[in-house]
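In the working numbering, the protein residues as written are 204 to 607.
In what follows, a structure is listed as structure tokens, so that the remarks can point back to it.
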Amino acid sequence: MRRPVWTIFYQFDPWGTSIGGIQTAIRACIRYAPEVFDLRFVGTASDRSHPIGQWRNDELDGRKLRFLPLFVSGNDNVRAKIPTTLTYTAALLGKRIESDFHHFHRLEPALAARGWSGEKTYFVHNDVRAQMLTSARKDALLWQRFPSGYFALEQRILGNFDQVLSCNSQSTAFYQERYPRLADRIHNFRLMLDTSLYYPVTPAAVELERQKLANQLGLDPDTRFLLFAGRLHAQKDPLLLLRALRELDEPGVHLLMAGAGELENEIRQAIVQLKVTAKVSLLGAVSRERMAVLHRACTLVVLSSVYEGLPLVVLEALSSGKPVVSTDSGDTPRILASGSGLISQDRTPVALAKAMRTVLQNPNAFSAECCLEAAKPYQARTVVGAMADAMLERFEVSHAFDVA
Numbered sequence: 204m205r206r207p208v209w210t211i212f213y214q215f216d217p218w219g220t221s222i223g224g225i226q227t228a229i230r231a232c233i234r235y236a237p238e239v240f241d242l243r244f245v246g247t248a249s250d251r252s253h254p255i256g257q258w259r260n261d262e263l264d265g266r267k268l269r270f271l272p273l274f275v276s277g278n279d280n281v282r283a284k285i286p287t288t289l290t291y292t293a294a295l296l297g298k299r300i301e302s303d304f305h306h307f308h309r310l311e312p313a314l315a316a317r318g319w320s321g322e323k324t325y326f327v328h329n330d331v332r333a334q335m336l337t338s339a340r341k342d343a344l345l346w347q348r349f350p351s352g353y354f355a356l357e358q359r360i361l362g363n364f365d366q367v368l369s370c371n372s373q374s375t376a377f378y379q380e381r382y383p384r385l386a387d388r389i390h391n392f393r394l395m396l397d398t399s400l401y402y403p404v405t406p407a408a409v410e411l412e413r414q415k416l417a418n419q420l421g422l423d424p425d426t427r428f429l430l431f432a433g434r435l436h437a438q439k440d441p442l443l444l445l446r447a448l449r450e451l452d453e454p455g456v457h458l459l460m461a462g463a464g465e466l467e468n469e470i471r472q473a474i475v476q477l478k479v480t481a482k483v484s485l486l487g488a489v490s491r492e493r494m495a496v497l498h499r500a501c502t503l504v505v506l507s508s509v510y511e512g513l514p515l516v517v518l519e520a521l522s523s524g525k526p527v528v529s530t531d532s533g534d535t536p537r538i539l540a541s542g543s544g545l546i547s548q549d550r551t552p553v554a555l556a557k558a559m560r561t562v563l564q565n566p567n568a569f570s571a572e573c574c575l576e577a578a579k580p581y582q583a584r585t586v587v588g589a590m591a592d593a594m595l596e597r598f599e600v601s602h603a604f605d606v607a
């Protein structure tokens with residue numbers, strides 16, 4: 204029997220510095236995909252160092268795969284005037300990708316896949332209803348300006364998928380209620396956490412990393428670090444976090460903002476206006492390896508998002524043994540078990556600062572052990588392995604009578 208072909212579709216260069224939970228989950232999926240699969244990825248290129256529009260054999264984190272870059276996306280941490288999703292979808296139109304399994308991490312590109320043979324799966328990474336109907340600023344996503352257009356597109360495409368898998372329990376329920384005819388195809392799935400990068404170290408090693416980072420930034424050696432890791436976009440609402448930092452009256456605390464995006468200039472202005480210049484470092488986009496070091500060196504990871512699915516940064520923090528403070532968004536409240544963090548029920552600077560203060564002042568109540576326990580079910584090797592086993596079983600059943 205031939206090897207099953209597994210093709211993943213998303214608009215990024217997996218060897219590049221693109222930031223985001225979807226990108227991280229896809230990289231983990233590639234890394235842990237069993238060798239029994241002929242693995243392929245249809246994405247974009249960061250530059251023109253390789254031919255565009257042609258398949259090539261490559262390797263990512265030790266896993267061989269076939270890669271098809273559709274166009275050069277450049278720095279996709281900053282949104283282009285024409286959304287990358289639309290450019291990616293247009294580049295796919297007219298192509299026919301032969302595969303046994305097609306995995307889409309955005310809805311729009313599946314327009315090009317109508318009529319393609321093979322099983323199709325759509326992965327939902329956000330609380331779609333909250334994302335479309337939020338009253339927050341509408342520059343985070345094109346479809347937020349035209350929610351009726353998105354839902355019309357969704358209604359047209361969703362029935363073409365064999366599976367719709369959501370990492371957000373509210374989105375799963377929303378889809379099952381909205382499309383009862385498809386309810387048996389709509390399920391929850393667990394995000395893939397790569398524990399080869401995010402893992403706990405000894406208290407002595409944490410202290411060493413923290414002091415080393417403080418020295419690099421020219422800060423007091425006793426500085427405690429708060430970490431914000433993500434795109435500087437309206438969805439993540441980093442401006443709320445800066446206002447909360449102003450309300451936080453804890454000595455020796457410094458905020459690290461690791462990420463890039465179109466709000467960077469606005470954030471720089473806010474830092475000055477809020478008079479927190481000495482308390483914030485903008486690190487820009489950092490490598491995965493550097494991000495893992497920041498997790499180990501920090502005391503607390505903070506999210507201020509308007510909406511989320513299940514933010515992977517939460518799992519990365521917990522897997523590093525670090526507690527999380529977050530606004531009430533996505534499935535984060537479901538993940539944060541007792542002792543692994545706090546949820547700020549109110550989206551205000553005062554409430555978010557209060558939650559951060561509680562964790563900072565009570566470190567023994569938020570132990571590394573509690574954090575690790577909360578992250579355990581999401582280990583990539585286990586999650587990807589279970590998904591791949593189910594795919595392989597379906598493939599073997601459907602090809603049981605193939606002639607060798």
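Don't be surprised by glycine CBs; every beta carbon is placed ideally from N, CA and C.
Computed from a prediction, not measured in an experiment: that's the story for all the values here.
In DSSP terms, what residue i is bridged to
i, result
"Q582", "L396"
"V527", "V504, G544"
"H306", "I211, T324"
"S484", "L459"
"N565", "Looking at the DSSP assignment, N565 forms no beta bridge with any residue, so it has no partner."
"N329", "G512"
Distance CB(residue i)-CB(residue j) smaller than 8 angstroms
i, j, result
"C501", "S543", "no"
"R499", "S523", "yes"
"G246", "P217", "yes"
"E311", "T290", "no"
"L555", "S601", "no"
"V208", "D241", "yes"
"M395", "V586", "yes"
"F392", "L368", "yes"
Nearest-angstrom Cα separation, counted from residue j out to residue i
i, j, result
"R206", "R269", "14 angstroms"
"P536", "I546", "6 angstroms"
"S541", "A571", "12 angstroms"
"D342", "A293", "At D342, the pLDDT of 49 sits below 50, so the modelled position is not reliable and the matter cannot be decided from this model."
"T324", "L459", "36 angstroms"
"A593", "G223", "27 angstroms"
"L503", "Q564", "11 angstroms"
"S320", "D605", "16 angstroms"
"R234", "Y401", "14 angstroms"
"A417", "V327", "38 angstroms"
"L429", "E412", "14 angstroms"
"L422", "S221", "29 angstroms"
"F212", "L451", "42 angstroms"
"Y581", "M590", "12 angstroms"
Span of the alpha helix (DSSP H) around residue i
i, result
"R359", "350-360"
"A408", "406-419"
"E262", "It is not in any alpha helix (DSSP H) - E262 instead sits in the beta strand (DSSP E) that spans 259-263."
"Q379", "372-381"
"P286", "No alpha helix (DSSP H) contains P286, which DSSP labels as neither H nor E."
"G224", "224-235"
"E469", "467-476"
"P536", "535-538"
Rounded Cβ spacing between residue i and residue j (contact assumed at less than 8 angstroms)
i, j, result
"N371", "D330", "5 angstroms"
"N363", "A313", "7 angstroms"
"R434", "A463", "7 angstroms"
"H308", "I225", "5 angstroms"
Cβ of residue i within 8 angstroms of any chain B Cβ
i, result
"R317", "No chain B appears in the structure shown, which is made up of a single protein chain."
Beta strand (DSSP E) segment containing residue i, residue limits
i, result
"F428", "427-432"
"A248", "241-248"
"N391", "389-391"
"V367", "366-369"
"P272", "266-275"
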